[in-house]
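Residue numbers (my numbering), protein chains in the order written: chain A, 1 to 254; chain B, 1001 to 1265.
For glycine and all other residues, C-beta sits at the position ideal for the given N, C-alpha and C.
Before any comments, here is the structure.
Right, here's the structure in full:
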């Protein structure tokens, strides 16, 4: 379970102003909102990649900001993070990139054959042919392949929670649909809790158990996809029925 | 009327306050970076392979440009010295002038300036790009310490490599100066080295070595610090790299100016 408690964060101007949100164990949860509303900022507070000005995050009862420093190490081992643009390490090949997804102690304990098997399995799970890409550098991969390698790196350590930061951004419709199917399949097959930050409302509503929407730094909505679609809130309606860019413009007027 | 007088004074104090704030912030962040790097070294988190790789990039790959710079420094010093001294001093003084200039000043300083351009800018741009492409966040999310992986190997490599490069630059500069003295003024090798030995102090070598050690520490520390503070996209990387180069050059010149009163009294 992930619990965001009264999260405040400002970068010159306030971005998050008191967000409370709970993602239950085992559920697939989507977080919507127009660009610049702090979705990724909120996600990054989970791993202390961005430190909130106020508030705390708890992961399975472990506090990120109020507990001992060792909590963060434990939490990072539980979580696999899929970055918006994959964030693969430029100087490492695919094999080395995916290997980095394993905790240091585990990486040191595995022999070469076991490590290869883990990397191989992770790549196969994300529908990549390991033989063809293991020795390639990130610069030699397409956008869709980079995303998949990024996902393989996030799941190779067998996390209990997966955080997805705009996983379909920059992909064509075919790759977007493929990645969405992959997210859904992985969350079920690996039995992980998934928190998905996306501006792709259709995709999020289709694959998630619950959804929430951020607006003006606070949580505007939290409920099931059906409740989201049926919400009488004009801001939510604008977001449901129009694309995110138009909704953002409308919300500036509301 | 009062506003016309007060407003510029307030604005001036605001500028001074901002400059003070930025300076303190940089100093604090640099201190933390150095401390974290030291902890990473002491807890054996730094990969020896990474240090060797950085030493290769900083040292071996810098040899050609250091060779050219040191040669030219030796040649120019010899030519200028010959021109200035020809009618007023014994000719062997040219040996003193070239050796002292190269060992005390030109060797360490010019090598440091070359490394700022070749290595410092590269480190800032490389780490800046890693920041804006979220690779640093990826390291953290995977439980890895970016300071141990990226900063500490570069700092260790800088401290080890810089004195070696300066030693190389000193030898090249002195020999280039000696050859020039021979070609330009017919000053023989024996006369040149007689002049060099006449005013030579072993302390001078220690002085040059100490300088190179400090420069070898300062260049990677500042470049890593600036790289890790990059914000924005490609424009941010460019801006940060420019600022880092200015910061490094200025720091090196200030340190260079502080050395004589501290060590040559």
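{"Query": "Rounded to whole angstroms, what is the Cα-Cα separation between residue 145 of chain A and residue 187 of chain A?", "Result": "19 Å"}
{"Query": "List in chain order: all unbroken alpha helix (DSSP H) runs of 4+ residues lying wholly within the stretch 1150-1188 of chain B.", "Result": "1152-1185"}
{"Query": "Go to residue 16 of chain A, then tell me how far its beta strand (DSSP E) extends in each direction, as first and last residue.", "Result": "13-23"}
{"Query": "Would the stretch 1138-1156 of chain B count as touching the stretch 1248-1259 of chain B if we require 3 or more Cβ pairs under 8 Å?", "Result": "no"}
{"Query": "Looking at the unbroken alpha helix (DSSP H) that takes in residue 120 of chain A, where does it start and where does it end?", "Result": "112-125"}
{"Query": "At a Cβ threshold of 8 Å, is residue 95 of chain A touching chain B?", "Result": "no"}
{"Query": "So what does DSSP say about residue 86 of chain A, is it helix, strand or coil?", "Result": "coil"}
{"Query": "Of all the CB atoms in chain D, is at least one closer than 8 Å to the CB of residue 1223 of chain B?", "Result": "Included in the structure are the protein chains A and B, with no chain D among them."}
{"Query": "Taking the alpha-carbon positions, what's the residue 58 of chain A to residue 23 of chain A distance?", "Result": "10 Å"}
{"Query": "Mind checking whether residue 241 of chain A and residue 37 of chain A have CB atoms under 8 Å apart?", "Result": "no"}
{"Query": "Let me confirm a value: residue 44 of chain A is counted as buried when at least 16 other C-beta atoms fall within 10 Å, else exposed. Which label applies?", "Result": "buried"}
{"Query": "Per DSSP, residue 197 of chain A forms a beta bridge with which residues?", "Result": "A/31 and A/165"}
{"Query": "So, for residue 1114 of chain B: in the same chain, excluding its five sequence neighbours on each side, which residues have a beta-carbon less than 8 Å away from its beta-carbon?", "Result": "1062, 1065, 1066 and 1069"}
{"Query": "What does residue 213 of chain A pair with, by DSSP beta-bridge criteria?", "Result": "A/32 and A/221"}
{"Query": "Roughly how many angstroms lie between the CA atoms of residue 1188 of chain B and residue 1178 of chain B, to the nearest whole one?", "Result": "8 Å"}
{"Query": "Between residue 98 of chain A and residue 122 of chain A, which are expected to be in contact by the criterion C-beta below 8 Å, what is the C-beta distance as a whole number of angstroms?", "Result": "6 Å"}
{"Query": "Quick one: is residue 87 of chain A near chain B, going by C-beta distance under 8 Å?", "Result": "yes"}
{"Query": "Residue 77 of chain A touches chain B at which residues, Cβ-Cβ below 8 Å?", "Result": "1143"}
{"Query": "Can you check whether the C-beta of residue 4 of chain A is within less than 8 Å of a C-beta belonging to chain B?", "Result": "no"}
{"Query": "What number of angstroms, rounded off, separates the C-alpha of residue 142 of chain A from the C-alpha of residue 128 of chain A?", "Result": "12 Å"}
{"Query": "Rank B/1193, B/1185, B/1152 and B/1165 by C-alpha distance to the C-alpha of residue 1174 of chain B and give the top, closest one.", "Result": "B/1193"}
{"Query": "Using 8 Å as the threshold, is the stretch 3-13 of chain A in touch with the stretch 175-184 of chain A, meaning 3 or more CB pairs across them?", "Result": "no"}
{"Query": "Taking buried to mean at least 16 other C-beta atoms within 10 Å of its own C-beta, is residue 1116 of chain B buried or exposed?", "Result": "buried"}
{"Query": "Using beta-carbon positions only, say whether residue 211 of chain A and residue 205 of chain A come within less than 8 Å of one another.", "Result": "yes"}
{"Query": "Listing by chain order, which chain A residues have their CB less than 7 Å from the CB of residue 1133 of chain B?", "Result": "85 and 87"}
{"Query": "Can you give me the start and stop residues for the beta strand (DSSP E) that residue 1060 of chain B sits inside?", "Result": "Taken as a continuous stretch (DSSP letters only), residue 1060 of chain B belongs to no beta strand (DSSP E), as it is neither H nor E."}
{"Query": "For the beta strand (DSSP E) containing residue 237 of chain A, name the first residue and the last one.", "Result": "Segment 234-241 is the alpha helix (DSSP H) holding residue 237 of chain A; no beta strand (DSSP E) there."}
{"Query": "Identify whether residue 79 of chain A lies in helix, strand or coil by the three-state DSSP scheme.", "Result": "strand"}
{"Query": "Tell me whether residue 51 of chain A sits in a helix, a strand or coil according to DSSP, three-state version.", "Result": "coil"}
{"Query": "Could you give the residue range of the alpha helix (DSSP H) that holds residue 1225 of chain B?", "Result": "1202-1228"}
{"Query": "Determine, for residue 160 of chain A, whether the minimum Cβ-Cβ distance to residues of chain B falls below 8 Å.", "Result": "no"}
{"Query": "Based on the DSSP secondary-structure assignment, which residues constitute the bridge partners of residue 229 of chain A?", "Result": "Answer is none; residue 229 of chain A lacks a bridge partner."}
{"Query": "Residues in the same chain with beta-carbon distance under 6 Å from residue 1110 of chain B, minus the five sequence neighbours each way, listed in chain order, please.", "Result": "1069 and 1073"}
{"Query": "Name, please, each residue of chain B whose Cβ falls closer than 9 Å to the Cβ of residue 12 of chain A.", "Result": "Those do not exist, as residue 12 of chain A stays about 11 Å from chain B at its closest Cβ, beyond 9 Å."}
{"Query": "Taking all protein chains shown into account, do 16 or more other C-beta atoms lie within 10 angstroms of the C-beta of residue 1092 of chain B, making it buried, or fewer, making it exposed?", "Result": "buried"}
{"Query": "Report yes or no: do three or more beta-carbon pairs, one from the stretch 1052-1060 of chain B and one from the stretch 1150-1162 of chain B, lie closer than 8 Å?", "Result": "yes"}
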